[in-house]
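*Asks:* Okay, handing you the structure first.
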Amino acid sequence: MNPFDDENHERKKRNPIDPFRGDDDIFRDIFNDDRIRDVFNDDKIMDDIKKMAEEMMKMFTNAQPGKPIVHGYKIDFGPDGKPQIEDFGNRSIKSPGGESTISEAIEPLTDIIEGENDVAITVEIPGVEKDDIDLVASESTLEIKVDSPKRKYHKLIDLPCNVKTKSIKATYKNGILDIVLDKKEKKKDNGGFKVSIE
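Converting from the sequence shown to the working numbering requires adding 160 to each position, the first position being numbered 1.
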């Protein structure tokens, strides 16, 4: 659409606060675009992305004054070539009355890389001190919590395999928390145990 009016060539006035310029169907247009569908090649994923975008718009509409909204999506392609979608930010939480409220704790963006002998996790948690970070590891999960006067973060990570909890190494620099956990060795199957029958 031409930003100039054909009749008098004056620039059309637009609301600078409305990023979608009053187009309520912008998401419909984006998600029905064949070029976008070809990239993902899966209607279910496109439908999921559309639902997430709609939820995000609801969250902006129900925002509490003075409270920041942090929300985003990370799309990676897994080893099978299929897209994997992870959302992050301060999540919408249902209160007992059924109303949505925004959590003060932000769910940080994370990246998990499973190596041959270890699992490496990178977490973005800017604006905090190293001493404010609490890490709690079990064989299959890792919980990251920050509850400081400046910022609040929380994330529970399901690990891709069992790990040795005493092997955890963590460093924090420039808002990036790097964690490395050694994988737990799988018990070798010795072929079973022969049972004699009486």
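Here a beta-carbon is modelled for each residue, glycine too, at the ideal position from N, C-alpha and C.
By the 10 Å Cβ neighbour count, where 16 or more other Cβ atoms means buried, how is glutamate 267 classified, buried or exposed?
*Replies:* With 16 or more other Cβ atoms within 10 Å, it is buried.
*Asks:* Among Asp307, Phe237 and Leu295, which one has its Cα closest to the Cα of threonine 325?
*Replies:* Checking every option, the nearest Cα to that of threonine 325 belongs to Leu295.
*Asks:* Closer than 7 Å by C-beta to aspartate 342: which residues in its own chain qualify, once you throw out the five before and the five after it? Chain order, please.
*Replies:* For aspartate 342, where only same-chain residues beyond five positions count, the Cβ hits under 7 Å are Asn277, Asp278, Val323, Lys324 and Ser327.
*Asks:* Among all the DSSP beta bridges, which residues are the ones paired with isoleucine 293?
*Replies:* According to DSSP, isoleucine 293 bridges with Val306.
*Asks:* Output the boundary residues of the beta strand (DSSP E) element that contains leucine 337.
*Replies:* Element bounds for leucine 337: 336 to 342.
*Asks:* Isoleucine 315 and threonine 282 look like a contact to me (Cβ under 8 Å); what is the Cβ gap, rounded to whole Å?
*Replies:* The amino acid at residue 315 is misidentified as isoleucine; the sequence shows lysine. Wrong, their Cβ atoms sit about 12 Å apart, outside the cutoff.
*Asks:* So which of Ile357, Glu299, Asp318 and Gly287 has the shortest CA-CA distance to proline 309?
*Replies:* Out of Ile357, Glu299, Asp318 and Gly287, Gly287 has the C-alpha closest to the C-alpha of proline 309.
*Asks:* Determine the direct distance from the alpha carbon of isoleucine 272 to that of glutamate 290, and round the result to whole angstroms.
*Replies:* With the sequence shown as reference, residue 290 is identified as lysine, and glutamate is not the correct amino acid for it. Using only the alpha carbons, I get a separation of about 20 Å.
*Asks:* Thinking just about the alpha-carbon of each residue, which of Glu299, Lys312, Arg311 and Asn334 is nearest to the one in proline 137?
*Replies:* The chain is shown only over 161 to 358; residue 137 falls outside these bounds and no answer can be derived.
*Asks:* Would you mind reading off the limits of the beta strand (DSSP E) that contains valine 279?
*Replies:* Element bounds for valine 279: 278 to 284.
*Asks:* Considering only their Cβ atoms, is the gap separating valine 306 from isoleucine 293 smaller than 7 Å?
*Replies:* For isoleucine 293 and valine 306, yes; Cβs fall inside 7 Å.
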